[in-house]
Structure formats: structure tokens, C-alpha cells
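Novice: A single structure is presented below for examination.
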Amino acid sequence: MTDSITISIDGVEIPAETHHTILEAADKAGIYIPRLCAYPGLKPNGSCRVCTVLVNGRPQTACTTPVMKGMVIQNETPELKRLRSNLIEMLFVEGNHYCMFCEKSGNCELQGMAYRLGIKTPHFPYLEPKREIDATHPDVLIDHNRCIFCGRCIQASKTFDGKNVFQYIGRTRNKKVGVNADDGLGETDFAATDRAAQVCPVGAILKKRVGFKIPIGKRIYDRSPIGSEIEVQPKDAGSAQ
Amino acid sequence: MSEFENTIHTICESYGGDRARMMDIVRDVHEKYGCCSGKAMNLIARGTGAHRVEVQSVVTFYAFYSEKPKGRVVIRLCNDIVDTMFGIEHVARAFSEELGIGFGETTADGRFTLEYTPCIGMSDQAPAALINEVVVTSLSSDSVRGIVRTLRESGDPQKLVRRLGDGNNAHKLVRAMVQNGLRKKGPVVFAEMESGNALRKALALSPVEVIRDIKTARLRGRGGAGFPAGMKWEFTRAADGDRKFVMCNADEGEPGTFKDRVILTERADLMLEGMAIAGYAIGAQEGIIYLRGEYAYLRKFLENVIENRRRDGFLGKDILGKKGFHFDVRIQLGAGAYVCGEETALISSCEGLRGDPKTRPPFPAQKGYLEQPTVVNNVETFCCVARILEKGPGWFVEMGSKGSPGTKVLSISGDCNSPGVYEFPMGVTMAEVLREAGADDVQAVQVGGPSREIVGPEGFERVICFDDLATGGAIVILNSSRNITEMARKYMDFFVEESCGYCTPCRVGNVLMMKKLEDILDGKGQLSDLDYLHDLAETVKTASRCGLGQASPNPILTTLERFRPFYEKLLRTHPKNFDPSFDLRAAVAEAEGLVGRKSAAIET
Numbered sequence: 010m011t012d013s014i015t016i017s018i019d020g021v022e023i024p025a026e027t028h029h030t031i032l033e034a035a036d037k038a039g040i041y042i043p044r045l046c047a048y049p050g051l052k053p054n055g056s057c058r059v060c061t062v063l064v065n066g067r068p069q070t071a072c073t074t075p076v077m078k079g080m081v082i083q084n085e086t087p088e089l090k091r092l093r094s095n096l097i098e099m100l101f102v103e104g105n106h107y108c109m110f111c112e113k114s115g116n117c118e119l120q121g122m123a124y125r126l127g128i129k130t131p132h133f134p135y136l137e138p139k140r141e142i143d144a145t146h147p148d149v150l151i152d153h154n155r156c157i158f159c160g161r162c163i164q165a166s167k168t169f170d171g172k173n174v175f176q177y178i179g180r181t182r183n184k185k186v187g188v189n190a191d192d193g194l195g196e197t198d199f200a201a202t203d204r205a206a207q208v209c210p211v212g213a214i215l216k217k218r219v220g221f222k223i224p225i226g227k228r229i230y231d232r233s234p235i236g237s238e239i240e241v242q243p244k245d246a247g248s249a250q
Numbered sequence: 002m003s004e005f006e007n008t009i010h011t012i013c014e015s016y017g018g019d020r021a022r023m024m025d026i027v028r029d030v031h032e033k034y035g036c037c038s039g040k041a042m043n044l045i046a047r048g049t050g051a052h053r054v055e056v057q058s059v060v061t062f063y064a065f066y067s068e069k070p071k072g073r074v075v076i077r078l079c080n081d082i083v084d085t086m087f088g089i090e091h092v093a094r095a096f097s098e099e100l101g102i103g104f105g106e107t108t109a110d111g112r113f114t115l116e117y118t119p120c121i122g123m124s125d126q127a128p129a130a131l132i133n134e135v136v137v138t139s140l141s142s143d144s145v146r147g148i149v150r151t152l153r154e155s156g157d158p159q160k161l162v163r164r165l166g167d168g169n170n171a172h173k174l175v176r177a178m179v180q181n182g183l184r185k186k187g188p189v190v191f192a193e194m195e196s197g198n199a200l201r202k203a204l205a206l207s208p209v210e211v212i213r214d215i216k217t218a219r220l221r222g223r224g225g226a227g228f229p230a231g232m233k234w235e236f237t238r239a240a241d242g243d244r245k246f247v248m249c250n251a252d253e254g255e256p257g258t259f260k261d262r263v264i265l266t267e268r269a270d271l272m273l274e275g276m277a278i279a280g281y282a283i284g285a286q287e288g289i290i291y292l293r294g295e296y297a298y299l300r301k302f303l304e305n306v307i308e309n310r311r312r313d314g315f316l317g318k319d320i321l322g323k324k325g326f327h328f329d330v331r332i333q334l335g336a337g338a339y340v341c342g343e344e345t346a347l348i349s350s351c352e353g354l355r356g357d358p359k360t361r362p363p364f365p366a367q368k369g370y371l372e373q374p375t376v377v378n379n380v381e382t383f384c385c386v387a388r389i390l391e392k393g394p395g396w397f398v399e400m401g402s403k404g405s406p407g408t409k410v411l412s413i414s415g416d417c418n419s420p421g422v423y424e425f426p427m428g429v430t431m432a433e434v435l436r437e438a439g440a441d442d443v444q445a446v447q448v449g450g451p452s453r454e455i456v457g458p459e460g461f462e463r464v465i466c467f468d469d470l471a472t473g474g475a476i477v478i479l480n481s482s483r484n485i486t487e488m489a490r491k492y493m494d495f496f497v498e499e500s501c502g503y504c505t506p507c508r509v510g511n512v513l514m515m516k517k518l519e520d521i522l523d524g525k526g527q528l529s530d531l532d533y534l535h536d537l538a539e540t541v542k543t544a545s546r547c548g549l550g551q552a553s554p555n556p557i558l559t560t561l562e563r564f565r566p567f568y569e570k571l572l573r574t575h576p577k578n579f580d581p582s583f584d585l586r587a588a589v590a591e592a593e594g595l596v597g598r599k600s601a602a603i604e605t
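Taken in sequence, the protein lines are chains A and B. For the first sequence, my numbering begins at 10 and goes up steadily by one. For the second sequence, my numbering begins at 2 and goes up steadily by one.
Okay, structure coming up:
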């Protein structure tokens, strides 16, 4: 059973149902809250923290917080924009992200988010970690250099595919997405048709032999900025500046 | 089946093939083989119905577990700030020289591994080390030679224990050289106790009345956060669940904290009495003590205390003749992960998972261990519970301050004449604490560990309580010779190493703050760096998922606030857009190597 309630986001009253998270309610109402790890149909991880909003003045992730009657939510404040920019920059400098020759460029949610938030180049120093590429699978490769630890592939493999191909291994800076095998993705039951192969927001899980099929310039976020698929009145890419 | 397969199969079977017991299974495999190899992980996966990568995710999370073989003797030297203050570098060098290996390495013969580990709860007898499970205290470079000789000859770390510590440290099931250093006994935790007194009084009341007493006593969690215990219990009691659980957080990992170690050694009965009362109050039949891996040397002793309490009717079925009140306790050992002191991470660990904190809501009171309503309280909190039931809430609120009644057990270490454990009434001033500890030259005090704050002399009239100087128990005293910025660096390093890595701000933000701090200490800082640090700290504090991340900028923030001149004297003003941390020579070094000549453009 669900009950309809009302919450407010940046002063706008929107309807919500009690089984919704703040993110789901906002999406339905055409209000975009930036996010990277959340994915429709998957249990929210709350790991990227980009969807942090203020709920009655307290920071909470919109993807994990259930709505409650009368919640007053702030989404577009200068402080939250600053916080999100910092988080996005952290993800850029933590890995090795070379947009100019990444197959995901234009379809990449991390890159899209950077454009939306008006980030031209990170003001943090690059950490330049040494990370591996796992090309053992015949149809799919994992480039750990680009992984942002959103956990979508882990959840999707369990929830959508009924498999258990991925899990985090290690901790702190040495954390990475591990695969369910002694020696690489090729030994697992992973298939290119798995939903887990489609959900990566960045270029960490890529299908082989289809690179650059769609030319740069004609990709998802080349056409319209990230979030415009949700917003009632899409912003143009420059408006965030 | 090979013998290896057989052994691992038997280990899994001994825990009913239950994957929620993964911590114990992996631990047993380690005890047998010194590591948990890929082959072992495959077998554990088979024996528990888990996936290999899930086993690997656990093995690779905890510092005391390893996929790769380690030495038969693993020496873990504690490199906490207090150990540093008391000459750890000489001890470290001596170990390295005697063994012929560096830290993080294993001798070629596979006998020894040398590592650093964060605070092991022995700050009042630093420098200290864990050698396998044996605690070795008050180390010096001289004693290291004898230690290595003994270990080479016998291979048995227990042989290092020649003089036993005081109290139960000398108990036949402990046999440790650890000293209690119990310098001030208060009326709540360290007063004499008789088992059963509190429990009997609790069982004469209804569970709701027990919770009412805890609320009337205004008991707040002693782990440091100070959440009202009665409220926690009420939520848990009210929550729906097939089973309910009482968990005791004995994972004190906050650097400089060691009071729970002494409570566990001397007042385990009081703590267990409090746990049983909690079980009665919330309607739980099962309790778990999450004991930090560093305190594994207390495990057999504690199991014996539990066994004795079963025998005496304080645990088990129909406790003290109360029909239908069943409650029993088991010990879950941790394996070297500070974050597991965070209550939801602790629950994850007990469930046989990585020690990642959980998403809240739901809170443990609603969905905790195995998704069932769970109360998690600190060792000391359970002692307070028992005493409140024994002597009444009125007696308890007579002590301490209005917002924080009762006493607080402090672990005092660093630059003072009498380091050790003290039970003070809440509301005691820092000046009084320092006076009793015999600290006369005090530049600063780190209160509550790196998660809390550093206090200079202007703050010594502040009081220990949850509304002013909140602390889980750590008090580290620094005299005027100590370098405050260097201390901040070490504490940041601690958070970098102990972050679980789950969320972006804590995993990356702490590394970035640490790097900037290192630049500043290297003389490559500029004034604008302080704004940069504040901005980063704000993001990490606001956006982090759990208390660890939210507190992790504090070593920098509180030293910046109260010891700013230490930073300012290291900083210079540079022309706009000049980055003094950029090392041009280092940047071109690789290219110079490739072309085989020096770059002409760089002046030397």
C-alpha cells in the first residue's frame, strides 16, 4: 500500500509516494538531482555521494533516503554545487581518465556530469594510480583505470542477470572491482549480453569490436546535457556556468 | 579429497557452512596455513555456498587477512602517534636490522613478516607490538634483539612473555605481559561487583520498566557518540523482527583508546550482566561481543567468563529462574579494521562481509544484524547499564553533569607521569585530568582521538562530557617539544589507511588532504592552501557516508583552528598561478632518462 504525500524541493512542492526515495520522487516530478551510482531498478549504493541534498538542513543522499511527509529538500544551492564539483573532480583525479581517446567519450556520465557542473579541469592533483586492464574475456574488457567504484555492475549482475560476477575487493586506495574467478573475467560466466555489461557509467566495462561505431559528436551527451532526459525544462549545457 | 581440501571442508563444516561466519572461517584457515590463498577461497566458496569473489572481498578487506603467504611469525609494530613519541623509529630499525627485511616484507625462509599496524590499544605502554596474537609492550631497540633471538630459537611468541601483567593479565587463560594501569577506580565501572545483583533487580521489573530506568538515568553511549541508550533500546524493542540481537562493541580502535581492554580484563562480568539486561529489555535471546582482532589474546579468558556465567545461571535458558528469558552470547573476532568500530560496519563484519558501513536508514534498531532489530552498545555502556539497574537511576544521575550523568573511563597516554586508565565523574575539567595524570608541560591534548579534537591550554577549563569535550576515552597529552603539524599528518595518514573506500569523499578526499599537508610540511605550501584544505574538508565532512569520513578532516581542521601559527610559519606567498608544490625536475626525470641527457632548460 502506498500513500501520497507532498515534499518540497528548492521551494517547489511535489507529490511523492511513501515507498519512493527522494531521487525517485524528484525524477517523477521532472526535477533532476545529479547522480552517478544510482541506476533505475538497482538497489541504491549511495557510494558516489553526488546526489547529496539537504533534507531539513541535513546532508543526505537522495538515492537512499525514503521520502517523508513534509520534507524540505534543498538541491540547487551554491554549496551543494561546490560539493558535487569537488566529488566529480575527485573521481577524475583518482583514476586515469583520458576523455580525448576514451571510447566512452560523449556517452560517459562522469564526463557529462563534469560538463553540466562547468568543470573544465580538476583543481586537484592527478593521483595517477597504476591500474590493470582485464582483456581476458572474448567480448568484453575491463579497464580499471576508469572505474569509479559506483557498484552498478556488481548490483546489476546479481539483480538483473542472476549471476554474481563482480564484487569489491581490497579497501581504501587499493579497492577495486574483482571478478568471480582466479584469473580474469574470461573465466567467469559473464556474457556481453548481460545487463551488467550495459550499466557502467564510464568506460571501465566496454564491449570489444564495437569501438567508435557512433562517431564523436553524435553521442548521447553531445546532443543534450546529462539530466535533460529527466528535467521538465532542460537546461542547455552552458547554463550551469 | 586432498588433505588441504579436507581441512578447509572441515573448517567450513564446523561453522555449519554458514557464510555469515566467514570471518571465523577465514581466520581458521589463516591459523592453519598463514594465508587464505586463491585455492582456499575457491574451497571456502564451495563449503559455504558463497561466490569466490565474495570470499575474496572479505579476505582482502581486513588487515590481518592475506591472500599471499606471510611469515609463520608476523610482527606488527604499532605505529600510532604515542608509539612515535616514545621511540618507535629505533625499535623499527632494530627489527629491520635483526631480521634483514623492511616493513611489509617477509624473510626468505618464510619465518618472519614485519608490518606496521595502527593503535593496538597499548598506548600507555608504548612502543608495543603484536607478535601473532601475543602483545609485547614497552619495546626498546635493546629488547628487540632478545625478542628476535627468542623467536628464532623457539618460533613461539608466547615465550616472549616472561613477566606477567597485573590482575587478570596473569590469569592462566590470558598470560600476557600487558599491564592494566588502572589508576583511578570510580563507582560505576571499576567498583567491586557481585554477579547477578543487577540482573536480579532487572528481572523483577518488566522490560519496559528496565528501559524506563535507563532513560531516567539519561545514559548516553560511551563509545563517543553519546546517543541516548534508552532511546536506542526503545526503538529496538518496538521494531518488528523474528529475532533480536544485542551487540557489544569491543572494537575500540580510536587511536589512544585502551579503556575497554582494561574493562574486558577486569570487569567482563559487569559488561555481560549489562548485555543480558539489554537482552531482557529489548526481547533478544542472542548477543555478540565484537572483539577487535588486536585483543584476540583475551578471547579464551572471555569465553571462560561466559562459560562460568552459563554455569551460574546468568546466561542460557530461563536465566535466574525467569521462565522464558533465554539469552546467550558469543564472541566474534575482528581482523584489523578500524572502520568496524562504526556500528553498521561492525554488523557487516559479524555477517561475514567486508566491514563496509551500511546505508541508513534503516537503522540497526529497525534492521541490523541479519536484517533483524539490533542494539549495539559499547563495552563501558553495558557496564553502566548493569550498575544503573543495581543501584538505581537516581544514584547514577547524582554523578556527572546534567547532560552526561555518571562517570567516564578515560585512557590517558602521552607526555605525563602516570599514563593509564582513570574513571572520572563526567564533567571533570581537562585541567583536573591533567593534574591527576601528572602532566606539567602540556602544549596540547588530543581528546577523543583523531576523530575528535585537539585542545590547547586555552581549552583546559573545558569539561569532559558529551556536550563539551566528548570522548570515547582517548586522551593523548603532547608536551611543548611535540610537532603539532606532524601529528596532524600522522592522523590523516591513519584515516587514509583505514577508510573502507566505499564512498568518494572519504576514499579520495582524505588522500588529497594528506597530499596537500605533506606539501606544506615540505615547505612547498602557500597561504591559499589553507582555503583549499578547508574546502576539501567541508566536502569530506558533509558528503561522507559514515562517521569515519565525517570525522576524518578533524585532525587538520582542529589544528588549523587552534594551532594556526604552526601552519603559517611554513607558508609563503607566491605570485598568482605559481604552484610551489610542482617539482619540475621530478616531472622531467623520466623523459631525461629516456633520452639519456639532462634537460638544458632547467637551472640547477
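Using N, Cα and C, we set each Cβ at its ideal position, and we do this for glycine too. None of the values given here were measured: they were computed from a predicted structure.
What does the alpha-carbon distance come out to for the pair Gly247 (chain A) and Arg361 (chain B)?
Specialist: The predicted model places Gly247 (chain A) with a pLDDT of 42, which falls under 50 and marks its position as unreliable; any figure quoted below should be read in that light. Roughly 36 Å between the two C-alpha positions.
Novice: Does any residue of chain B have a CB that is nearer than 9 Å to the CB of Tyr177 (chain A)?
Specialist: Chain B contact via Cβ: present.
Novice: With Leu96 (chain A) and Gln83 (chain A) assumed to form a contact (beta carbons below 8 Å), what rounded beta-carbon distance in angstroms separates them?
Specialist: About 17 Å; that fails the 8 Å criterion.
Novice: By Cβ distance, which residues of its chain are closer than 6 Å to Asp245 (chain A), with the 5 residues on each side in sequence left out?
Specialist: The predicted model places Asp245 (chain A) with a pLDDT of 47, which falls under 50 and marks its position as unreliable, so this point remains unresolved.
Novice: Within its chain, find whatever has a CB closer than 7 Å to the CB of Arg22 (chain B); leave out the 5 residues flanking it on each side and keep chain order.
Specialist: The residues are Tyr16 and Gly353.
Novice: Leaving out five residues before and five after Gly439 (chain B) in sequence, what residues of the same chain have Cβ atoms less than 7 Å from its Cβ?
Specialist: Correct list, in chain order: Cys417, Asn418 and Ser419.
Novice: With a Cβ-Cβ cutoff of 9 Å, do Pro229 (chain B) and Arg219 (chain B) count as a contact?
Specialist: Cβ distance < 9 Å, so Pro229 (chain B) and Arg219 (chain B) count as in contact.
Novice: Quick check: Asp468 (chain B) and Ser553 (chain B), are their CB atoms within less than 9 Å of each other?
Specialist: Not closer than 9 Å, so no.
Novice: Can you give me the start and stop residues for the alpha helix (DSSP H) that Lys184 (chain A) sits inside?
Specialist: Element bounds for Lys184 (chain A): n/a, residue is neither H nor E.
Novice: First and last residue of the alpha helix (DSSP H) that includes Phe96 (chain B)?
Specialist: Per DSSP, Phe96 (chain B) belongs to the alpha helix (DSSP H) from Ile89 to Leu100.
Novice: So, with DSSP's three-state summary, where would you put Lys185 (chain B)?
Specialist: Looking at Lys185 (chain B) - three-state DSSP - the assignment turns out to be strand.
Novice: Can you name the residues of chain A whose CB is closer than 8 Å to the CB of Phe104 (chain B)?
Specialist: Per Cβ cutoff of 8 Å: no residues; Phe104 (chain B) is ~17 Å from chain A at best.
Novice: Beta-carbon within less than 6 Å of Ala71 (chain A)'s beta-carbon, same chain only, minus the 5 sequence neighbours each way: which residues are those?
Specialist: Here the set comprises Ile31, Leu32, Ile42, Cys60 and Val62.
Novice: Looking only at C-alpha atoms, which of B:Asn379, B:Phe62, B:Gly275 and B:Lys359 sits nearest to Lys52 (chain A)?
Specialist: When each option's Cα is compared against that of Lys52 (chain A), the closest is B:Lys359.
Novice: Under 8 Å by Cβ, that's how I've got Ile264 (chain B) and Met272 (chain B) pegged, so tell me the actual separation to the nearest angstrom.
Specialist: At roughly 6 Å, the Cβ-Cβ gap stays under 8 Å, so Ile264 (chain B) and Met272 (chain B) are in contact.
Novice: Measuring CB atoms only, is the region 37-55 of chain B touching the region 72-84 of chain B, in the sense that at least three cross pairs come out at less than 8 Å?
Specialist: No, because fewer than three Cβ pairs between the region 37-55 of chain B and the region 72-84 of chain B fall closer than 8 Å, the two stretches do not touch.
Novice: Could you tell me whether any Cβ in chain A is nearer than 9 Å to the Cβ of Val83 (chain B)?
Specialist: Not an interface residue.
Novice: Tell me the rounded alpha-carbon separation between Ser17 (chain A) and Glu240 (chain A).
Specialist: Near 16 Å, if we compare the C-alpha coordinates of Glu240 (chain A) and Ser17 (chain A).
Novice: Residues of the region 97-125 of chain A with a CB closer than 7 Å to any CB of chain B: list them in chain order, please.
Specialist: So the list reads Met99, Leu100 and Glu103, given in the order they occur along the chain.
Novice: Is there contact between the region 122-137 of chain A and the region 94-111 of chain A, where contact requires at least three CB pairs shorter than 8 Å?
Specialist: The region 122-137 of chain A vs the region 94-111 of chain A: in contact.
Novice: For Gly510 (chain B), count neighbouring Cβ atoms within 10 angstroms of its own Cβ and tell me buried if that reaches 16, exposed if not.
Specialist: It counts as buried.
Novice: Three-state secondary structure (DSSP) at Pro406 (chain B)?
Specialist: Pro406 (chain B): strand per DSSP, three-state reduction.
Novice: To the nearest angstrom, how far is the alpha carbon of Ala1 (chain B) from that of Ala64 (chain B)?
Specialist: Limits of chain B in this structure are 2 at one end and 605 at the other, which puts residue 1 (chain B) out of reach.
Novice: If you measure from the beta carbon of Lys244 (chain A) to each beta carbon in chain B, is any gap under 9 Å?
Specialist: Because the pLDDT at Lys244 (chain A) is just 48, under 50, the model does not fix this residue reliably, and the value given afterwards should be weighed accordingly. For Lys244 (chain A), the answer is no, since every Cβ of chain B falls outside 9 Å of its Cβ.
Novice: Determine the DSSP secondary structure at Thr15 (chain A), reduced to helix, strand or coil.
Specialist: Thr15 (chain A) falls in the strand class under three-state DSSP.
Novice: Within 10 angstroms of the Cβ of Thr345 (chain B), are there 16 or more other Cβ atoms? Answer buried if so, exposed if not.
Specialist: Per the 10 Å Cβ criterion, buried.
Novice: What are the complete alpha helix (DSSP H) segments, minimum 4 residues, inside the region 101-155 of chain A?
Specialist: Here the runs fully enclosed are 118-125.
Novice: Residues of chain B with CB under 7 Å from Pro24 (chain A), in chain order?
Specialist: Chain B residues near Pro24 (chain A): none, gap ~21 Å exceeds 7 Å.
Novice: Determine whether the Cβ of Arg58 (chain A) lies closer than 9 Å to any Cβ atom of chain B.
Specialist: Cβ-Cβ to chain B under 9 Å: yes for Arg58 (chain A).
Novice: Classify Ile290 (chain B) as buried or exposed, calling it buried when 16 or more other Cβ atoms lie within 10 Å of its own Cβ.
Specialist: Classification for Ile290 (chain B): buried.
Novice: Verify the CB distance criterion: does Asp191 (chain A) have a CB-CB separation below 9 Å to chain B?
Specialist: Cβ-Cβ to chain B under 9 Å: yes for Asp191 (chain A).
Novice: Starting from the N-terminal side, write out each stretch of the beta strand (DSSP E) that is 3 residues or longer and does not extend beyond the region 324-353 of chain B.
Specialist: Segments of the beta strand (DSSP E) lying fully in the region 324-353 of chain B: 329-334.
Novice: DSSP state of Met493 (chain B), grouped into three classes?
Specialist: Residue state, collapsed to three classes: helix.
Novice: With a threshold of 9 Å between beta-carbons, can Asn43 (chain B) be considered close to chain A, or not?
Specialist: It does: the Cβ of Asn43 (chain B) has a partner Cβ on chain A nearer than 9 Å.
Novice: Ordered along the chain, which non-local residues of its own chain (more than five positions away) have a Cβ less than 8 Å from that of Met2 (chain B)?
Specialist: The residues are His10.
Novice: Any Cβ of chain B within less than 9 Å of the Cβ of Arg6 (chain A)?
Specialist: This structure cannot settle anything about residue 6 (chain A), because the visible part of chain A is limited to 10 through 250.
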